[in-house]
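Numbering-wise, the numbering used here puts 46 at position 3 of the sequence shown, and it's gapless, one number per residue. To keep things clear, I will list the structure first and then write my remarks on it.
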Amino acid sequence: MTNYDSHKRPQTTTILETLQKKEEDSYLKVKLKIETQWLELERKSMSKLLREYEQWERETLKKAQEAVDLRSLRDVFYELGDRWEFDQATGAWLSEGEPLDAVGLILKMPGLDSSKERYVLYAVMAYSKGFTQQFDHLGDKERIIVELDKRNNRLSAWSTAGHGVMDLFPIDLPSFTSIENALQSCFIVAQPGDHALRIECPECSNTIDFFTKRLWEIAGGITSFDIKSIDVLTPRDIEEYLDFKFNRYAKAVLELDRIWRELSGGAVDKAKEKVLDKIPDHIEERDRTTLRKIEGLLHVLWFKPPLKQMFAIEKMHHELSYEPTPTEVQKTLIPYIGELAYSLTDIIEKAKYLKWKSVVERKDFSSSDIFKSLDLTQLAKEALIVALEDILREHSLAYIGYPEKATMKNKILRFLLSPLILPFRLFTSFRAFLFNMISRLLPLREKGLPNDSNIMENNESNEEDEN
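Structure representation (structure tokens):
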């Protein structure tokens, strides 16, 4: 393992000690609105799966009871194979979970501007898929990005328009002084079918926000909503009590990006530096090569999930650390790469350790102080921890909280898809309204209006009477 200078490898054994020191806190409650149709669909799905599970359980017990010796009993276990763990986990989920069981967490990270901070609210819905034997499958986990301008304490928020694509323009939240205050006062609207999560505030700051809110209400059409109060772990809960310091990792990436831009400079600065400082050509070439490699590393940091970044980081750190005659540029970069390597290693090991703890020592984990006063099912507790590693495995930093840094392909997709989500929902809502009207008119027509066959029969009987 690469030695990161003065940094030490994170000591995961102290996590439970930290959890035990947690005092009673007032947890953040958020009002989650979910379309009733999704709840009904989930209930039907869970009922069907429960029947299948109970049937499988009866058949399995019957086979075990009919075993005449150990050999035949062993054959029963061989037939079960890998499905044993899956069905056991699914059975626990069916008995403990609720339709669209949800829990939230907030990741704090620096803004692209030094005067701003960003907060990413993830709503994790552990449903339908349950947990497999790998213990890594969740339902939807969608996000809302909230940015705080520290100069004037103004908040703005981007919702997920659909399928992971963020809104093009944020809405202002001028009435709130903190993200906790904003989330407690507003509604979080989840639309599982669209993979969307949006923030809906009771009061709109301007005409555009009011118009947009009204359009979303129309898009809901005849849809009814159920409101669930869900617990959300704040940045303090995540960083202090779970010791999952995502903010430090994001800051390390932004700092490396900043110093790379400073060292790269512009064409004029490079020309001045070459003339005034008289940098030898071979030193300049080495610096140019190093900065190109850092540019490649930044591409990995922005667009690859954190779990897939360590190899590139360690390779760059090893190359710079063992350079026999480093240039000033290389010396400047070493501590930034070291901090990045340490912060990423820290959150990866913490996420893996917490997930392992939730599986191996499930009872002790679920009774930890971090969950005290939280109204969570066992499934939601497990989903919360699984979500941390899931995010590191699936989502890039640009995807999580910096859509401005997305690739050109994703920017074009966001530009095209984001404006189309609302019109599409308006169209589907209008179509549902028409179908509903037609379905109500047809029974009336059948009861009060004669159909073609009745008219023909009446005509024929009239002709017979005339004859």
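Glycine included, C-beta positions come from ideal geometry on N, C-alpha and C.
- Since Q234 sits in a beta bridge, which residues does DSSP pair it with? Q234 is bridged by DSSP to A239.
- Task: Classify Q421 as buried or exposed, calling it buried when 16 or more other Cβ atoms lie within 10 Å of its own Cβ.
- Result: Buried, because 16 or more other Cβ atoms sit within 10 Å of the Cβ of Q421.
- Item | Beta-carbon proximity check, I481 vs A233, cutoff 8 Å | No, they are not a contact pair.
- Message: Rounding to the nearest angstrom, what Cα-Cα distance links H438 and P349 in this structure?
- Response: Rounded to the nearest angstrom, the two C-alpha atoms are 8 Å apart.
- Message: Suppose you measure from the CA of R101 to the CA of E95; what does that come to, to the nearest Å?
- Response: CA-to-CA, the gap between R101 and E95 works out to about 10 Å.
- DSSP three-state assignment for Y162, whether helix, strand or coil: Y162 falls in the strand class under three-state DSSP.
- Secondary structure at K193, three-state DSSP: helix, strand or coil? DSSP places K193 in coil when its eight states are reduced to three.
- Message: According to DSSP, simplified to helix, strand and coil, what is V403?
- Response: If DSSP states are grouped into helix, strand and coil, V403 belongs with the helices.
- Simplified DSSP state of G147, which is helix, strand or coil: Reduced to three states, the DSSP call for G147 is strand.
- Item | Best match in R86, K193, I281 and I380 for proximity to V296 [C-alpha to C-alpha] | Looking at R86, K193, I281 and I380, the one whose alpha-carbon comes closest to that of V296 is I380.
- Task: Name the residue from Y162, E160 and S272 whose alpha carbon lies nearest to the alpha carbon of L75.
- Result: The shortest C-alpha separation from L75 is found at S272.
- Any 3 or more C-beta pairs closer than 8 Å across the region 326-339 and the region 296-308: The answer is yes - the region 296-308 touches the region 326-339, with three or more Cβ pairs under 8 Å.
- Message: Excluding the 5 residues flanking G154 on each side, which residues of the same chain have their C-beta closer than 7 Å to its C-beta?
- Response: Result list for G154: E160, R161 and E190, in chain order.
- Query: Does the Cβ of E382 have 16 or more other Cβ atoms within 10 Å, making it buried, or fewer, making it exposed?
  - Reply: Buried is the call here.
- Cβ pair count under 8 Å reaching 3, the region 199-212 against the region 239-246: Under the three-pair Cβ rule at 8 Å, the region 199-212 counts as touching the region 239-246.
- Query: Are the Cβ atoms of N168 and D144 separated by less than 8 Å?
  - Reply: The sequence given here places Met at residue 168; Asn does not occur at that position. D144 sits close to M168, with the two beta carbons spaced by under 8 Å.
- Query: To which residues of the same chain is A423 closer than 6 Å at the C-beta, ignoring the five residues directly before and after it?
  - Reply: Excluding sequence neighbours, A423 sits near D144 and V146.
- Enumerate in chain order the residues of its own chain whose CB-to-CB distance from F268 is below 8 Å, with the five nearest sequence positions on each side excluded. For F268, where only same-chain residues beyond five positions count, the Cβ hits under 8 Å are K76, I77, E78, T79 and V232.
- Item | Limits of the unbroken alpha helix (DSSP H) element including E328 | First-last of the alpha helix (DSSP H) with E328: D324 to F346.
- So, helix, strand or coil for V372, using DSSP? Three-state DSSP puts V372 in a helix.
- Between L148 and A430, is the Cβ-Cβ spacing less than 8 Å? With contacts defined by Cβ atoms closer than 8 Å, L148 and A430 form a contacting pair.
- Report the partner residues of K72 according to the DSSP bridge assignment. According to DSSP, K72 bridges with D274.
- Task: Take L150 as the anchor and find which of E185, D118, S158 and F120 has the nearest alpha-carbon.
- Result: Scanning E185, D118, S158 and F120 for the CA closest to the CA of L150 turns up E185.
- What's the gap between the Cα of H578 and the Cα of E392? This structure gives no information on residue 578, because the portion of the chain shown stretches from 44 to 510.
- Pick helix, strand or coil for V208, following the three-state DSSP scheme. DSSP places V208 in strand when its eight states are reduced to three.
- Beta-carbon spacing of I281, G444 below 8 Å: Going by beta carbons, I281 and G444 fall outside the 8 Å limit.
- Going by the beta-carbon positions, is the gap between I390 and F230 smaller than 8 Å? Result no, Cβ atoms of I390 and F230 do not sit closer than 8 Å.
- Item | Distance, D274 Cα to S69 Cα | Because S69 carries a pLDDT of 48, less than 50, the predicted location of this residue cannot be relied on, and the following value inherits that uncertainty. C-alpha separation (whole angstroms): 10 Å.
- Query: Relative to the C-alpha of I377, which residue among L334, Y396, V163 and D407 is closest?
  - Reply: Residue L334 is the option with its Cα nearest to I377.
- Query: How many angstroms separate the CA atom of K87 from the CA atom of I222?
  - Reply: K87 and I222 have their alpha carbons spaced roughly 36 Å apart.
- Query: Which of helix, strand or coil does DSSP assign to A441?
  - Reply: In the three-state reduction of the DSSP assignment, A441 falls in the helix class.
- Query: Closest by CA to T375, which one among P278, R301, N195 and L82?
  - Reply: Of all alpha-carbon atoms in P278, R301, N195 and L82, the one lying nearest the alpha-carbon of T375 is that of R301.
- Task: Taking the CB atoms as reference points, tell me whether L387 and M353 lie closer together than 8 Å.
- Result: Going by C-beta atoms, L387 is nearer than 8 Å to M353.
- Item | A107, DSSP secondary structure in three states | A107 falls in the helix class under three-state DSSP.
- Item | Residue of E366, I270 and N224 minimising C-alpha distance to W81 | Nearest option by C-alpha distance: I270.
- Message: Do L344 and L440 count as a contact pair if the criterion is CB distance below 8 Å?
- Response: Between L440 and L344, the CB-CB gap stays under 8 Å.
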